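Participant:
Numbering (our numbering), first residue to last: 293 to 554.
Laid out in C-alpha cells, this is it:
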C-alpha cells in the first residue's frame, strides 16, 4: 500500500521491553530511492538523542493505530553506534550500524535490500545479540566506500523546486512510499505557484538530475504534460489511479518491472 511520509511522522516505535520513541524523519538513499532508516526521537529516555532504526528491525506494523514494533530491546538501541542527524551519515557509520544489528548491508546485492526486495524478509536482528563495538572495524575488501552513503532526509527535501523540460512547475510537498518495500514511489508536487490549486505525482524514475546544493529537481516531462495529468487525491491513491497516471505519461509501470525481477 502507498502511504504519505508526512503522515508517518509521529509513528510510535516500541521495543520488545518498552517504548523507544516516535518517528521524526526518514532517511532515503538517492540512488535506489528507498527509505533506509527511521529517525526516532527518544524523548527523555535518551535525553532527546535521535537514533536510526532500519526497517529490517521491524517485526510488526499497525498502521491504523500508528504503532511499529521492532525486534530490539531498549538496551540494544541505547548501545548502538551513535549518529548526529545534522551531519551526513557516512557509509562507515552504516557499516557499523549493520554489523552491530547483524544484518547484511542493503547496498550488496541486486535487490532493494541486498539480495531481497523487502526489508522484513531479511530476518533483521531477530534472535541475534549485537556485536561489541570493538568488533566493528570496516572490511576494506568488501566496503565500496566509507564516504557519502547518499542518504537524504525526507524532511529536508520538502520544498525543493521541481523543473520540467521547459520551466519550473512547483515544489515538493510530500513523499509517497510503498509500505511493503519501503521504496519511494512518488514525489508529491504542489504546482500552486504555476498552476493554482493542483498537486501532481512524479516518480523518481522520471528524474534526470538533482542539484542538492540548489535544492532543485529536474524531470523528464513537459509542463504541458504535467498540466494535463490526473490530479493527485490521497483518498484515491490506488492502482487504478496509478494506471491512469502512467498511461498519461506513457511510461513503464514500476509494478510490471518489479514482477519481472522476482
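We put the beta carbon where it would ideally sit given N, CA and C, even for glycine. All figures in this text were calculated on a predicted structure; none of them were measured in a lab.
1. Using the rule of at least 16 other Cβ atoms within 10 Å of the residue's Cβ for burial, across every protein chain shown, is residue 528 buried or exposed?
2. Can you list, in chain order, the residues of its chain whose CB lies under 7 Å from that of residue 445, leaving out five sequence neighbours each side?
3. Relative to the C-alpha of residue 349, which candidate in 342, 363, 410, 355 has its C-alpha closest?
4. Let me know if residue 523 comes out buried or exposed under the rule of 16 or more other beta-carbons within 10 Å of its beta-carbon.
5. Starting from the C-beta of residue 372, find all residues in its chain whose C-beta is less than 6 Å away, skip the five residues before and the five after it, and write them out in chain order.
6. Give every residue of the same chain whose Cβ lies closer than 7 Å to the Cβ of residue 508, excluding the five residues on either side of it in the sequence, and list them in chain order.
7. Determine the DSSP secondary structure at residue 473, reduced to helix, strand or coil.
8. Looking at the structure shown, is residue 453 part of a helix, part of a strand, or coil, going by DSSP?
9. How far does the beta strand (DSSP E) with residue 444 in it extend, from its first residue to its last?
10. According to the neighbour-count rule (16 or more other Cβ atoms, all chains shown, within 10 Å of its Cβ), is residue 339 buried or exposed?
11. Counting Cβ pairs closer than 8 Å, one from the region 306 to 313 and one from the region 494 to 505, do we hit at least three?
12. Tell me whether residue 368 is buried or exposed, calling it buried when 16 or more other Cβ atoms sit within 10 Å of its Cβ.
13. Between residue 519 and residue 448, what straight-line distance do the alpha-carbon atoms span, to the nearest angstrom?
14. Find out if the Cβ-Cβ distance for the pair residue 479, residue 464 is shorter than 8 Å.
15. To the nearest angstrom, how far is the alpha carbon of residue 384 from that of residue 394?
16. In the DSSP assignment, what are the bridge partners of residue 295?
17. By the DSSP assignment, the alpha helix (DSSP H) with residue 491 in it spans what residues?
18. Which of the three DSSP states, helix, strand or coil, is assigned to residue 334?
Facilitator: Answer, in terms of the structure:
1. Exposed is the call here.
2. The beta carbon of residue 445 sits closer than 7 Å to the beta carbons of 317, 319 from its chain, once the five residues preceding and following it are set aside; these are given in chain order.
3. The residue among 342, 363, 410, 355 with its C-alpha nearest the C-alpha of residue 349 is 363.
4. By the 16-neighbour rule on beta-carbons within 10 angstroms, residue 523 is exposed.
5. Closer than 6 Å at Cβ, skipping near neighbours: 392.
6. Setting aside the 5 residues that flank it on each side, residue 508 is surrounded in the same chain by 452, 453, 455, each with a C-beta closer than 7 Å to its C-beta; the list follows chain order.
7. Coil.
8. The three-state secondary structure of residue 453, taken from DSSP, is strand.
9. From DSSP, the beta strand (DSSP E) with residue 444 extends over 443 to 445.
10. Around the C-beta of residue 339, fewer than 16 other C-beta atoms lie within 10 Å, and the residue is accordingly described as exposed.
11. Not touching, per the Cβ criterion.
12. With 16 or more other Cβ atoms within 10 Å, it is buried.
13. If you take the alpha carbons of residue 519 and residue 448, they lie about 26 Å apart.
14. Residue 464 sits close to residue 479, with the two beta carbons spaced by under 8 Å.
15. Pairing residue 384 with residue 394, the inter-Cα distance amounts to about 15 Å.
16. Within the DSSP secondary-structure output, residue 295 pairs in a beta bridge with 469.
17. No alpha helix (DSSP H) contains residue 491, which is instead part of the beta strand (DSSP E) from 491 to 494.
18. Judged by DSSP in its simplified three-state form, residue 334 adopts coil rather than helix or strand.
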